[in-house]
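Please read the structure below before turning to the comments.
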């Protein structure tokens, strides 16, 4: 079974707050930083002010994060709709652990569902010895 973690955006995060998903630190910032949702360097930035910024737009930005991974899980894909972002493992689980999430937004973004990955059993050939 693949691991997954559902995040819900309850309010627009404050300036200079962060969340961590897997190995990616997501920074919410004011100003003209623009969105940088490529997490190949384990760092993403999401614009949190300006016209039209809402819980749904923040969730949409979270769903555009690319090159996201988690220890023991490998690459993660992102889906969801509305005010949610769902992070799911893509390959076979190598760790029966949760996808890491830490909230530095004082509850603006919360984890509302979590599924721990299950490492699959290795197939073993059956041998019958007839004497």
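Residue numbers (the numbering used here): 142 to 272. We put the CB at the ideal spot given by N, CA and C, even for glycine. Remember, predicted model here, so these are calculated numbers, not experimental data.
Environment of residue i [buried if 16+ CB atoms lie within 10 Å]
i	result
residue 145	buried
residue 259	exposed
residue 271	exposed
residue 249	buried
Residue(s) in a DSSP beta bridge with residue i
i	result
residue 271	Answer by DSSP bridge pairing: none, since residue 271 is not bridged.
residue 312	Nothing about residue 312 can be read from this structure; the chain reaches only from 142 to 272.
residue 215	211
residue 227	147, 220
Rounded C-alpha distance that separates residue i from residue j
i	j	result
residue 158	residue 151	14 Å
residue 241	residue 164	8 Å
residue 184	residue 169	11 Å
residue 264	residue 229	Summary for residue 264: the model assigns pLDDT 45, below 50, so the residue's position carries little reliability; its value from the coordinates is reported in the next sentence. The alpha-carbon atoms of residue 264 and residue 229 are separated by roughly 24 Å.
residue 201	residue 172	19 Å
Boundaries of the alpha helix (DSSP H) in which residue i is found, first to last residue
i	result
residue 209	Here residue 209 belongs to no alpha helix (DSSP H), and DSSP marks it neither H nor E.
residue 199	196-204
First and last residue of the uninterrupted beta strand (DSSP E) at residue i
i	result
residue 150	145-150
residue 162	158-162
residue 250	250-256
residue 243	242-244
When the options are compared against residue i, the one with the closest alpha-carbon
i	options	result
residue 182	171, 192, 190, 211	211
residue 161	221, 218, 172, 246	246
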